[in-house]
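Peer 1: So that we are looking at the same thing, I have put the structure below in C-alpha cells.
2 protein chains.
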Amino acid sequence: MSEFEKIAVIGGGSWATAIVKMLSENKAKIGWYMRSIYAIEHIKRNKHNPNYLSSAELHPEQLDLTNDINTLVENYDVLIFAIPSAFLNSELEKLTIGLDNKIIFSAIKGIVPETGLIVGEHFHKNYNVSYENIGVIAGPCHAEEVAMERLSYLTIASQDEKKAKELSKCIKGRYIKTKVSDDIFGTEYSAMLKNIYAIAAGIAHGLGYGDNFQSVLMSNAIREMKRYIKKVHRMKRNINNSAYLGDLLVTGYSVFSRNRMFGNMIGKGYTVKSAMLEMNMVAEGYYATKSAYKINEENGAKTPIIDAIYSILYGKKEAKEVFEKLTNMLD
Amino acid sequence: MSEFEKIAVIGGGSWATAIVKMLSENKAKIGWYMRSIYAIEHIKRNKHNPNYLSSAELHPEQLDLTNDINTLVENYDVLIFAIPSAFLNSELEKLTIGLDNKIIFSAIKGIVPETGLIVGEHFHKNYNVSYENIGVIAGPCHAEEVAMERLSYLTIASQDEKKAKELSKCIKGRYIKTKVSDDIFGTEYSAMLKNIYAIAAGIAHGLGYGDNFQSVLMSNAIREMKRYIKKVHRMKRNINNSAYLGDLLVTGYSVFSRNRMFGNMIGKGYTVKSAMLEMNMVAEGYYATKSAYKINEENGAKTPIIDAIYSILYGKKEAKEVFEKLTNMLD
Numbered sequence: 360m361s362e363f364e365k366i367a368v369i370g371g372g373s374w375a376t377a378i379v380k381m382l383s384e385n386k387a388k389i390g391w392y393m394r395s396i397y398a399i400e401h402i403k404r405n406k407h408n409p410n411y412l413s414s415a416e417l418h419p420e421q422l423d424l425t426n427d428i429n430t431l432v433e434n435y436d437v438l439i440f441a442i443p444s445a446f447l448n449s450e451l452e453k454l455t456i457g458l459d460n461k462i463i464f465s466a467i468k469g470i471v472p473e474t475g476l477i478v479g480e481h482f483h484k485n486y487n488v489s490y491e492n493i494g495v496i497a498g499p500c501h502a503e504e505v506a507m508e509r510l511s512y513l514t515i516a517s518q519d520e521k522k523a524k525e526l527s528k529c530i531k532g533r534y535i536k537t538k539v540s541d542d543i544f545g546t547e548y549s550a551m552l553k554n555i556y557a558i559a560a561g562i563a564h565g566l567g568y569g570d571n572f573q574s575v576l577m578s579n580a581i582r583e584m585k586r587y588i589k590k591v592h593r594m595k596r597n598i599n600n601s602a603y604l605g606d607l608l609v610t611g612y613s614v615f616s617r618n619r620m621f622g623n624m625i626g627k628g629y630t631v632k633s634a635m636l637e638m639n640m641v642a643e644g645y646y647a648t649k650s651a652y653k654i655n656e657e658n659g660a661k662t663p664i665i666d667a668i669y670s671i672l673y674g675k676k677e678a679k680e681v682f683e684k685l686t687n688m689l690d
Numbered sequence: 360m361s362e363f364e365k366i367a368v369i370g371g372g373s374w375a376t377a378i379v380k381m382l383s384e385n386k387a388k389i390g391w392y393m394r395s396i397y398a399i400e401h402i403k404r405n406k407h408n409p410n411y412l413s414s415a416e417l418h419p420e421q422l423d424l425t426n427d428i429n430t431l432v433e434n435y436d437v438l439i440f441a442i443p444s445a446f447l448n449s450e451l452e453k454l455t456i457g458l459d460n461k462i463i464f465s466a467i468k469g470i471v472p473e474t475g476l477i478v479g480e481h482f483h484k485n486y487n488v489s490y491e492n493i494g495v496i497a498g499p500c501h502a503e504e505v506a507m508e509r510l511s512y513l514t515i516a517s518q519d520e521k522k523a524k525e526l527s528k529c530i531k532g533r534y535i536k537t538k539v540s541d542d543i544f545g546t547e548y549s550a551m552l553k554n555i556y557a558i559a560a561g562i563a564h565g566l567g568y569g570d571n572f573q574s575v576l577m578s579n580a581i582r583e584m585k586r587y588i589k590k591v592h593r594m595k596r597n598i599n600n601s602a603y604l605g606d607l608l609v610t611g612y613s614v615f616s617r618n619r620m621f622g623n624m625i626g627k628g629y630t631v632k633s634a635m636l637e638m639n640m641v642a643e644g645y646y647a648t649k650s651a652y653k654i655n656e657e658n659g660a661k662t663p664i665i666d667a668i669y670s671i672l673y674g675k676k677e678a679k680e681v682f683e684k685l686t687n688m689l690d
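Taken in order, these protein sequences are the chains called H and W.
Take any residue in the first sequence, note its place counting from 1, add 359, and you have its number in the numbering used here.
Take any residue in the second sequence, note its place counting from 1, add 359, and you have its number in the numbering used here.
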C-alpha cells in the first residue's frame, strides 16, 4: 500500500479547507487536524467550515477530524501543512512524535518567523525530515475559486519525482490540473517573495500609482524574483512558469489579497502597527520581508523592491519617499 | 539642428493625444495631423480633444494642427504614427511626398491588415524607409493614465541608439520615464501579440473562468510570446522587461481594454460579427490574430493560445469547446 493512502491536512483556514475539498474528490478518507473543536463539530453537523471557505461543501463521512495533532500525525503518513507560517512553530511544539519517517508537503506560503527558514528547510533542519520526503504545493490559486470549482492549476514539487506524481494524483480532478516539478526551493521562495511584491503593489495603489506603474512593478518583480532565487538555489527553471509568474500575478493583481490590502493601508498613510491592528491579523508578507531581506544580505542579489518594502516596514521610512526613489530603479 | 526639433504626431485618437501631451512638456512646437477639421477647431478653442482623452489639457499655442497630411509630412522630419493600424494604409495613400528621408516612429500597436506586416516592416518595404530611420514607442501605457499624469514607463526602440535616445529626451518628464532598446521587431510584435492575449483573457472571463486561470493564461502567454518572437527575429532580449511582459499585463488585466472587451462578448456568446457591431469598432487584436497565425504557419512556433483564438475568430469554432481543449495545453 502506498503511503499516499494515509494522507492528512493540518490547518483549519481557507487554503487547508480547499485542499481537503480537492482530496475529497479522490480519496475515501482524509485526516484533518484543526485547533478548534467548535469548528470540527460544526463541520460534522453542517458540512462546511464555519469560519473559512464556508461556501465549500464538505463530506464529514470522508473526514477523520481531530484537534489532537499527535493523534493525527501518528495515524497518517503524508502530512500536508496548510497553516499560516506564523503559527507553524507553536503547532510543531505540541508534537511528541517524530516526523522523520513522514512525507511532508508544505502548502504554507511564507517563512517560519522564529527560524527565518522556508518551511521545507525548517522541517529538514529541525525535524530531521530528509529532502526527498519534502514537497511543496504551489501555484496560482485562490482558495475561494477552488470552492467555486473554477479551473485552477497547481504545481507539486518534490525532489523525488515519484512523490510529486503521487500527490498530484490525489488532488487533480475535474477543476484542478497539476504539474510536477523538482524545484522545492524555488517554488517555496517564490511563494514567499510574491507576498512581498503584493505588499508593494498595495502600497503603490495606496499612494495613487496606477495600472501603468503596476505592470512595470510586476515586470520588475519577476526579474527580481529570478535573481533572488538563483542566488538561493541555482538550477534550471523557467521563472515564467505558473508556479512562479502565475503565482505572483494572481496575488499581485488580486484585490482580495491580504498582503496587498496591508500594503494599501500603508500607502494610504496607516502606520505598520495600525494597519495590522485594523486588519486584525498579520499579513504573511510582513514576516517574509524581514527574512527575505536578511537572507539576501548574504546573497547580494539586486533587490530594489524588497529593500524598499523592508525600509518601510522595518526602517520606519515614509512610503511616499521610498517609492519615489524606487521608481528610479525600475525600468 | 537636430531633426528632432521638427517632430509631429499623426492621429487624433487617445494614444496620439497622450503622445502630444508628453511632447508638449518638452517641445515648443509640435506638428499634429488629424482627419477631423471639427476636432482641430475644437482643440484650438477649448484646449482639449473633443472625442478622445478629453480630460487632457492641451496647449494650442504649441500645436501646429492640420488636417492635410501632406503639409504635415512636408514640414516635419520626425513622424510619430499613432493611428489604428486598420486606417494606416488609407492615410498613407493620401501621401504625394516620399518618406524615405523621414524618421518614422510607430506608436501603432498592431499589424497593417492589407500587408500583414508590422508597421516598421510596412514602412521599410513599401515606403523605402531604412531600418535605421525606424523606431517604436512601446511599453505598458494606458493613455488615460498619461492624461492623469500618473507615472508611466515607455520603451523607445530603434536600431540607431542615438535616435532612440533623442526621441526619449522629447517625451520623458515628470510622469514619464523612458528606456531605450534596439529591438524594433520584438517590441512591435509583442505589442501586437498582447492584443490577441487580451482577447483570450476576455473570452476566458466571458466563459466564466476565474482569476486563477487568468494568471495561468498570462504565464503561458508570455512564454508563447517569447517563442513566437524568437522565430520572427532572434536576438538577446529579456521577455520580462516592461516593453514585453509589462505591456502584456497592462492590457491583459485591464477591464478597459477594447480587445479584452471584444473577447468577453465572444465568451458570453456573441458572434464575432455582432460583437464588432455592438462595439462599433474593430479591436486591433482581431486583425492581429489572423496575421500572427499566418506568419506563424511558416515559422512553426508552438502557439496554442493564438491558434485557439484564430479558430474562434476565423474558423467559426465554439469558444467554449476551444477553451476546454486549450486548458489541457496550458500548464
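By construction, the Cβ of each residue, glycine as well, lies at the ideal position given by its N, Cα and C atoms.
1) I want to know whether the segment 556 to 570 of chain H touches the segment 613 to 622 of chain H - three or more CB-CB distances under 8 Å.
2) In whole angstroms, what is the alpha-carbon distance linking Tyr411/H and Thr686/W?
3) List the residues of chain H whose Cβ lies closer than 7 Å to the Cβ of Val575/W, in chain order.
4) Quickly, what does DSSP pair Ala497/H with across the bridge? List them, please.
5) Report the residues of the segment 564 to 590 of chain W with a CB closer than 8 Å to any CB of chain H, ordered along the chain.
6) Can you list, in chain order, the residues of its chain with a C-beta nearer than 7 Å to that of Ile456/W? Leave out the 5 residues immediately preceding and following it.
7) Per DSSP, what are the beta-bridge partners of Ile535/W in this structure?
8) Could you spell out where the beta strand (DSSP E) holding Ala367/W opens and where it closes?
9) Pick helix, strand or coil for Thr425/H, following the three-state DSSP scheme.
10) So which of Met640/W, Thr425/W, Ser383/W and Lys388/W has the shortest CA-CA distance to His401/W?
11) Going by alpha carbons, who is nearest to Leu438/H out of Ser601/H, Trp391/H, Ile399/H and Lys403/H?
12) By the three-class DSSP mapping on this structure, what secondary structure does Ile477/W have?
13) Mind checking whether Ile462/W and Glu362/W have CB atoms under 9 Å apart?
14) When you check each C-beta in the segment 418 to 452 of chain H against every C-beta of chain W, which residues fall closer than 8 Å?
15) Taking a cut of 8 Å between CB atoms, which residues from the segment 626 to 657 of chain W lie near chain H?
16) Taking C-beta pairs closer than 8 Å, name the residues in chain H that Thr686/W reaches, listed in chain order.
17) Taking a Cβ distance cut-off of 8 Å, strictly less, list which residues of the segment 536 to 562 of chain H are near chain W, in chain order.
18) At least one CB of chain W closer than 9 Å to the CB of Val505/H: is that the case?
19) How far does the alpha helix (DSSP H) with Leu438/H in it extend, from its first residue to its last?
20) Taking C-beta to C-beta, are Glu508/H and Val539/H nearer than 9 Å?
21) For a contact defined as C-beta to C-beta under 8 Å, what are the partners of Ser613/W on chain H?
22) Hey, out of Lys675/H, Gly545/H, Asn655/H and Glu480/H, whose CA is closest to Thr630/H's CA?
23) Nearest-angstrom Cα distance between Asp570/W and Val495/H?
24) Do Tyr669/H and Ala642/H come within 9 Å of each other at the CB atom, strictly closer than that value?
25) Assuming Tyr603/W and Ser517/W form a contact by the criterion Cβ under 8 Å, report the distance between their Cβ atoms to the nearest whole angstrom.
26) What does Val609/W touch in chain H if you count any residue whose Cβ is under 8 Å from its own?
27) With a threshold of 7 Å on Cβ separation, who are the neighbours of Lys522/H within its own chain once the five nearest residues in sequence on each side are excluded?
28) Hey, is Leu458/W's beta-carbon within less than 9 Å of any beta-carbon in chain H?
29) For Tyr673/W, I'd like the list of residues in its chain whose CB is within less than 8 Å of its CB, leaving aside the five on either flank, ordered along the chain.
30) Check each candidate in Leu458/W, Thr474/W and Asp423/W and name the one with the smallest Cα separation from Asn448/W.
Peer 2: To lay it out plainly:
1) Contact holds: three or more Cβ-Cβ distances are below 8 Å.
2) Working through the first sequence from its first residue, we reach residue 411/H at position 52. Working through the second sequence from its first residue, we reach residue 686/W at position 327. Those two C-alpha atoms are separated by around 29 Å.
3) For the purposes of this step, residue 575/W is taken as residue 216 along the second sequence, with counting starting at 1. Within 7 Å Cβ-Cβ: Pro499, Tyr512, Ser601 and Gly605.
4) As a working note, residue 497/H is residue 138 in the first sequence. Paired residues: Thr514/H.
5) Gly567, Tyr568, Gly569, Asp570, Asn571, Phe572, Gln573, Ser574, Val575, Met577, Ser578, Asn579, Ile581, Arg582 and Lys585
6) What you label residue 456/W is simply residue 97 of the second sequence in a count that begins at 1. Asn429, Val432 and Glu433, listed in sequence order.
7) As a first step, residue 535/W must be located in the second sequence, where it is residue number 176. In DSSP, Ile535/W forms a bridge with Ser511/W and Gly532/W.
8) The residue you call residue 367/W lines up with position 8 of the second sequence. Here the beta strand (DSSP E) through Ala367/W covers Ile366 to Ile369.
9) For the purposes of this step, residue 425/H is identified with residue 66 of the first sequence, where counting begins at 1. Thr425/H: strand per DSSP, three-state reduction.
10) By one-based count along the second sequence, residue 401/W stands at place 42. Looking at the Cα atoms, Thr425/W is the closest of the given residues.
11) Translated into the one-based positions of the first sequence, residue 438/H becomes position 79. Put simply, of Ser601/H, Trp391/H, Ile399/H and Lys403/H the residue whose alpha carbon is nearest the alpha carbon of Leu438/H is Trp391/H.
12) As a first step, residue 477/W is located in the second sequence; it is residue number 118 there, counting from the start. DSSP places Ile477/W in strand when its eight states are reduced to three.
13) Position 103 of the second sequence holds residue 462/W. Position 3 of the second sequence holds residue 362/W. Cβ atoms of Ile462/W and Glu362/W: closer than 9 Å.
14) none
15) none
16) The residue you call residue 686/W lines up with position 327 of the second sequence. Ordered by position in chain H, the residues that pass the 8 Å Cβ test against Thr686/W are Leu510 and Lys536.
17) Lys536 and Lys538
18) Reading the first sequence from its first residue, position 146 is the one you call residue 505/H. Yes, because at least one Cβ of chain W sits closer than 9 Å to the Cβ of Val505/H.
19) Taking the first residue of the first sequence as position 1, residue 438/H is located at position 79. Per DSSP, Leu438/H belongs to no alpha helix (DSSP H); it is in the beta strand (DSSP E), Val437 to Phe440.
20) Here the question's residue 508/H lines up with position 149 in the first sequence. Here the question's residue 539/H lines up with position 180 in the first sequence. For Glu508/H and Val539/H, no; Cβs fall outside 9 Å.
21) Counted from its first residue, the second sequence places residue 613/W at position 254. Within 8 Å Cβ-Cβ: Asp570.
22) Here the question's residue 630/H lines up with position 271 in the first sequence. Taking only the C-alpha atoms, the option nearest Thr630/H is Lys675/H.
23) Translated into positions along the second sequence, residue 570/W becomes position 211. Translated into positions along the first sequence, residue 495/H becomes position 136. Roughly 21 Å separates the two Cα atoms.
24) The residue you call residue 642/H lines up with position 283 of the first sequence. The residue you call residue 669/H lines up with position 310 of the first sequence. Taking 9 Å as the Cβ cut-off, Ala642/H and Tyr669/H do not qualify as a contacting pair.
25) By 1-based counting over the second sequence, the position of residue 603/W is 244. By 1-based counting over the second sequence, the position of residue 517/W is 158. Their Cβ separation, rounded to whole angstroms, is 17 Å, which puts Tyr603/W and Ser517/W out of contact at 8 Å.
26) Reading the second sequence from its first residue, position 250 is the one you call residue 609/W. Near Val609/W (Cβ distances below 8 Å), the residues of chain H are Asp570, Asn571, Gln573 and Ser574.
27) As a first step, residue 522/H is located in the first sequence; it is residue number 163 there, counting from the start. Within the same chain, Lys522/H has close Cβ partners Ile462 and Gly494.
28) Walking along the second sequence from the start, residue 458/W turns up at place 99. Output row for Leu458/W: interface = no.
29) Locating residue 673/W in the second sequence gives position 314, counting from the first residue. Same-chain partners within the cutoff: Thr648, Lys649 and Tyr652.
30) By 1-based counting over the second sequence, the position of residue 448/W is 89. The option with the nearest alpha carbon to Asn448/W is Thr474/W.
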